[in-house]
Amino acid sequence: MDPGVFMARYIAQRLLLLPLLLFIFSIFAFVIIQAPPGDFLTAYIAELSASGSSMDQAQIEALRRLYGLDQPLHIQYLRWVGRILRGDLGFSLDWQRPNAELISERLLLTVLLGLFTFTFTWALAIPIGILSATRQYSFLDYFFTVFNYIGVATPTFMTALVLMWLAFKYLGISVTGLFSAEYVDAPWSWGRVVDLLKHIWLPAVILGMDGTARLARVMRANLLDELHKPYVEMARAKGLSEWRLVLKYPVRLALNPLVSTIGWYLPLLFSGSVIVATVLNLPTIGPMLLRALTNQDMFLAGAIVLIYCALAILGTLISDILLAWLDPRIRMEGS
Amino acid sequence: MSTPDPAPAHRPPTPRTSSTLPQEAEAFYVAPNWKLVWWRFKRHRLALVSAVLLGFIALVALVPDFFSTQDPHASSKTESFIPVQRLHLFDQGRFRPFVYGVVGQRNPRTLRMEWVIDPEVKIPVRFFARGYEYKILGLIPFDRHLIGVEFPGDEGKIHLLGTDRLGRDQWSRLMHGTQVSLSIGLVAVFLSIFLGILMGGISGYYGGVVDLVIQRLIEILQSLPPIPIWMALTAAMPRDWSVEQVYFAITVILSLIGWTTLGREVRGRFLSLREEDFVVAARLSGCSEMRIIFRHMLPAFMSHIIAASTLAIPVMIINETFLSFLGLGLRPPAISWGVLLQEAQNLQSIALAPWLLLPGLAVIVTVLALNILGDGLRDAADPYR
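If you want it as structure tokens, here you go:
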């Protein structure tokens, strides 16, 4: 059969799983919305009366009916899912704006930051991995080993805090945010993109540090496994130059396990940026989730968690497809 | 695969004879599993150093009060943001530990109290000094501390890591934070091990539909984005819960996703061991299922479980730290590394008092040591390779 057909069938199989996963994750998100004691309306009413204003009973009842709070849980769930399928993520009582609007404003930057970090991580990790494997036990190898341990052991927010402090102390600048003051609320323009690029690299470096360390480690181990195989010896005996040899055969094979890490690494970049984004005050959905959770704005929190889940599924999907494209053995398995 | 290295690193030269095995080689063949693991582990110097370091950290976690200089909860509005008073061991070439005193001046513009080190005043420091009273492990009353001043009183207060916003001594708080953060990591990992061995064992032992269901469950849990889920779950804890309740809830929440990695590990080991000759032999000689599992299979992969768990502890510690850092995990008056770092959450505080970042070093060192130890154990776990 034509390899293209295998590929198409494989992707179709994966896509069929999506609705099931989304269904399961939507239950998770709904549980999260329901988790705090009392419903969010009670919290909202309490907050209103604390600030002096109040709602009359009819208004409260209307809101209750609107959100179906008088219905049993499974009906509430079905209504919630129904609204989401129609693109209605609910209304944020905290921000007094529709959730869909709030999230879509920040989603692009969240994904951009993730992809940017991802590219940067791979661009660094693969050469480092290759260098440490081909020069095992050299100074470089030890240097990167130390870097790896420290990179993994340092919580991302610590790196962010320390860099923020150093930049403030020695350069006198504040490195928070993704835009300069004049571009924060400006519409997209060429200048704004350039401004974004000027700011995004620091959070990307901070976010990508432990990922770079881990991936370089995986790459090194994979490559070391390959380097001692007979086919490498054979190619060497045939007189292939060392660099061409390494890059053409063992590196290609060693990349496969690395591609399978995209499945967990990409989602981790999207959702793991919560902490760094909070410290550096980035306009992504992470700090919004934190605020929503602290203020018990549960429908917004639930919507964001669901978005994160969708991004996670997307990451896994990308990695599955890439892997099948790279490695024919996986394609064949499915048929 | 290469032939096994038959002995520990230092081996006295013994003449080989053709009829008998050299003593060491014989020792190698009859040595129990744990001894082989130990021999191999011993060769990993860095892991040994880490183990010793972690021993000290564990000691701090056991009796944090002994290592503290002051009551970690005692706040004093007049002593906020005192900088680090470094411990000097030698005074003019002689061993006489001391710290320099601090003097406070009110900044005329900001009206904030600002402290500077005063090189004129030397506060002598003593080891095993008397200080505030506490109970070792909550049982034995004691009042000695590792470091203290000769004459306790307002004059002689020392702040080895400075003080925070409320004038609380950071050093003492760090010692108590060690207890909480380390134990949360341990407890969460124990819960994960329990769940992991239970589910992984069931999955690997029974196979079939049970295996399929558990494997799908693990896959779903692993494809959940962990950080938002943890944040949401911890945020759902009622505000009026006591420190102990929050503590326990966090360990449960962390291990809810944490067990999946261990579960997979256990299942994989079970699957490969099930086909091993010694298990088949045990079954043929009429051992009960329980005996096969606990007497024959479990010891064979125990070292792997220990190594995997050691590597899981630092993950738990970092996760607890960031949850508390975001204000979703442990809440004051509880003290953990994350709670301490919460004080350094924004640029204003760290610009004013950079020493608030120092507890982060404790996190890095501990996690580093645990990772190195875990790697050493993992390499040693398979002594026949």
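As they're listed, the protein sequences go chains A and B. Counting in our numbering, the first sequence runs without a single skipped number right up to 1356 at its last residue. Counting in our numbering, the second sequence runs without a single skipped number right up to 386 at its last residue. C-beta: ideal position from N, C-alpha, C; glycine also.
Practice task
Drop a sphere of 10 angstroms on the beta-carbon of A:V1295, count the other beta-carbons inside from all chains shown, and report buried for 16 or more, exposed for fewer.
Solution key: Counted from its first residue, the first sequence places residue 1295 of chain A at position 274. When all chains shown are included, A:V1295 counts as buried.
Practice task
With 7 Å as the C-beta to C-beta threshold (strictly closer), list the residues of the segment 351-377 of chain B near chain A in chain order.
Solution key: I351, A352, P355, L358, G361, V364, I365, V368, L369, N372 and I373
Handout entry: Residue range of the alpha helix (DSSP H) that includes B:Y206
Key = Position 205 of the second sequence holds residue 206 of chain B. Counting along the chain, B:Y206 sits inside the alpha helix (DSSP H) bounded by residues Q171 to Y207.
Exercise for the section: Identify whether B:G105 lies in helix, strand or coil by the three-state DSSP scheme. Expected result: Position 104 of the second sequence, counting from 1, holds the residue named residue 105 of chain B. Strand, per DSSP.
Practice task
Please go through the same chain and pick out, in chain order, the residues whose beta-carbon is closer than 8 Å to the beta-carbon of B:A8, but skip the five residues on each side of it.
Solution key: For the purposes of this step, residue 8 of chain B is taken as residue 7 along the second sequence, with counting starting at 1. Note on B:A8: pLDDT 46, under 50, position unreliable in the model; the coordinate value appears next. Excluding residues within five positions, the ones whose Cβ falls inside 8 Å are E25, A26, A28, F29 and W40.
Exercise for the section: Measuring only between beta-carbons, confirm whether B:P226 sits less than 8 Å from chain A. Expected result: Looking up residue 226 of chain B in the second sequence gives position 225. Taking Cβ atoms only, chain A reaches closer than 8 Å to B:P226, which makes this a yes.
Exercise for the section: Note down, in chain order, each residue of its chain lying with its Cβ closer than 6 Å to the Cβ of A:A1033, except the 5 sequence neighbours on either side. Expected result: Indexing the first sequence from 1 puts residue 1033 of chain A at position 12. Excluding sequence positions up to five before and after A:A1033, its CB lies less than 6 Å from no other CB in the same chain.
Handout entry: DSSP state of B:Y133 mapped onto helix, strand, coil
Key = Here residue 133 of chain B corresponds to residue number 132 of the second sequence, with the count starting at 1. Correct three-state label for B:Y133: strand.
Handout entry: Contacting residues, own chain, Cβ-Cβ under 6 Å from B:R145 (five flanking each side not counted)
Key = If you number the second sequence from 1, residue 145 of chain B lands on position 144. If we look at B:R145 and ignore the five residues flanking it on each side, its Cβ neighbours are F129.
Practice task
Could you check what DSSP says for B:R270 in three-state terms: helix, strand or coil?
Solution key: Looking up residue 270 of chain B in the second sequence gives position 269. Here B:R270 sits in helix by DSSP.
Exercise for the section: Check whether the segment 1324-1333 of chain A touches the segment 1103-1120 of chain A, counting contact only when three or more Cβ pairs, one atom from each stretch, lie closer than 8 Å. Expected result: yes
Exercise for the section: Jot down the residue ranges of each uninterrupted alpha helix (DSSP H) in the segment 1118-1156 of chain A, minimum 4 residues, whole runs only, in chain order. Expected result: 1120-1155
Practice task
Could you check the C-alpha separation between B:S304 and A:T1138 for me, to the nearest Å?
Solution key: Your numbering for residue 304 of chain B matches position 303 in the second sequence. Your numbering for residue 1138 of chain A matches position 117 in the first sequence. Going from the Cα of B:S304 to the Cα of A:T1138 covers about 37 Å.
Practice task
For B:K123, name the three-state secondary structure that DSSP assigns.
Solution key: The residue you call residue 123 of chain B lines up with position 122 of the second sequence. Three-state DSSP puts B:K123 in a strand.
Practice task
Using a Cβ cut-off of 8 Å (strictly closer), state whether B:A52 contacts chain A.
Solution key: Residue mapping note: residue 52 of chain B aligns to position 51 of the second sequence, counting from 1. Taking Cβ atoms only, chain A never reaches closer than 8 Å to B:A52, which makes this a no.
Practice task
Use the C-beta contact count for B:V247: other C-beta atoms within 10 angstroms, 16 or more gives buried, fewer gives exposed.
Solution key: To locate residue 247 of chain B, count along the second sequence from 1; it is residue 246. Counting other Cβ atoms within 10 Å of its Cβ, B:V247 reaches 16 or more and is therefore classed as buried.
Problem - Distance between A:A1144 and B:E115 (C-alpha atoms, nearest Å) - result: The residue you call residue 115 of chain B lines up with position 114 of the second sequence. The residue you call residue 1144 of chain A lines up with position 123 of the first sequence. Roughly 47 Å between the two C-alpha positions.
Handout entry: When A:R1312, A:V1239 and A:L1161 are compared against A:D1115, the one with the closest alpha-carbon
Key = Locating residue 1115 of chain A in the first sequence gives position 94, counting from the first residue. Of A:R1312, A:V1239 and A:L1161, the residue nearest in Cα terms is A:R1312.
Handout entry: Nearest residue (CA-CA) to A:A1121, options A:L1344, A:I1306 and A:P1349
Key = Position 100 of the first sequence, counted from the first residue, corresponds to residue 1121 of chain A. Looking at the Cα atoms, A:I1306 is the closest of the given residues.
Exercise for the section: Would you verify that the beta carbon of A:L1310 is, or is not, closer than 8 Å to some beta carbon of chain B? Expected result: Here residue 1310 of chain A is taken as the residue at index 289 of the first sequence, counted from 1. It does: the Cβ of A:L1310 has a partner Cβ on chain B nearer than 8 Å.
Practice task
With DSSP collapsed to three states, give me the class of A:S1113.
Solution key: Mapped onto the first sequence, residue 1113 of chain A falls at position 92. Strand.
Problem - Opening and closing residue of the beta strand (DSSP E) in which A:F1189 lies - result: Within the first sequence, numbered from 1, the residue matching residue 1189 of chain A stands at position 168. Run containing A:F1189: none; DSSP gives neither H nor E here.
Practice task
Take every Cβ of the segment 82-91 of chain B, pair it with every Cβ of the segment 190-199 of chain B, and state whether three or more of those distances are shorter than 8 Å.
Solution key: no
Exercise for the section: Could you spell out where the alpha helix (DSSP H) holding B:R145 opens and where it closes? Expected result: Mapped onto the second sequence, residue 145 of chain B falls at position 144. Here B:R145 belongs to no alpha helix (DSSP H); instead the beta strand (DSSP E) covers I141 to V150.
Problem - Helix, strand or coil at B:H297 [DSSP, three-state] - result: As a position in the second sequence, residue 297 of chain B is number 296, starting the count at 1. Three-state result, B:H297: helix.
Problem - Per-residue contacts from B:L329 into chain A (C-beta, under 9 Å) - result: The residue labelled residue 329 of chain B in the question sits at position 328 within the second sequence. L1311, L1314 and T1315, listed in chain order.
Practice task
Check whether the Cβ atoms of B:A75 and B:R169 sit closer than 8 Å, and answer yes or no.
Solution key: Here residue 75 of chain B corresponds to residue number 74 of the second sequence, with the count starting at 1. Here residue 169 of chain B corresponds to residue number 168 of the second sequence, with the count starting at 1. Cβ atoms of B:A75 and B:R169: closer than 8 Å.
Problem - Pairwise C-alpha distance: B:L37 and B:R12 - result: Numbered from 1 along the second sequence, position 11 holds the residue referred to as residue 12 of chain B. Numbered from 1 along the second sequence, position 36 holds the residue referred to as residue 37 of chain B. Any reading at B:R12 must be qualified, since the residue scores a pLDDT of 49, below 50, and its modelled position is unreliable; no value is offered.
Practice task
With DSSP collapsed to three states, give me the class of A:M1230.
Solution key: Counting from one through the first sequence, the residue named residue 1230 of chain A turns up at place 209. A:M1230 falls in the helix class under three-state DSSP.
Exercise for the section: Indicate whether at least one CB of chain B lies closer than 8 Å to the CB of A:M1240. Expected result: On the first sequence, residue 1240 of chain A is found 219 positions in, with the first residue counted as 1. For A:M1240, the answer is no, since every Cβ of chain B falls outside 8 Å of its Cβ.
Practice task
Indicate whether at least one CB of chain E lies closer than 8 Å to the CB of A:A1322.
Solution key: In the structure shown, chain E does not exist; the protein chains are A and B.
Problem - 7 Å Cβ cut-off: residues of chain B touching A:V1173 - result: Numbered from 1 along the first sequence, position 152 holds the residue referred to as residue 1173 of chain A. Going along chain B in sequence order, the residues near A:V1173 (Cβ under 7 Å) are N372.
Problem - Stretch pair the segment 1256-1270 of chain A + the segment 1179-1188 of chain A: three plus CB contacts closer than 8 Å - result: no
Exercise for the section: Measure the C-alpha to C-alpha separation of B:F323 and A:T1175 and round it to an integer number of angstroms. Expected result: The residue given as residue 323 of chain B occupies position 322 in the second sequence. The residue given as residue 1175 of chain A occupies position 154 in the first sequence. Cα to Cα, the separation comes out at about 11 Å.
Handout entry: First through last residue of the beta strand (DSSP E) which encompasses B:K278
Key = Residue mapping note: residue 278 of chain B aligns to position 277 of the second sequence, counting from 1. Note on residue identity: the sequence assigns Asp, not Lys, to residue 278 of chain B. Where B:D278 is concerned, there is no enclosing beta strand (DSSP E), although the alpha helix (DSSP H) it sits in stretches over D278 to L285.
Practice task
Mind checking the segment 1115-1149 of chain A against chain B and listing, in chain order, the residues whose C-beta falls within less than 7 Å of any C-beta there?
Solution key: Answer in chain order: no residues at all.
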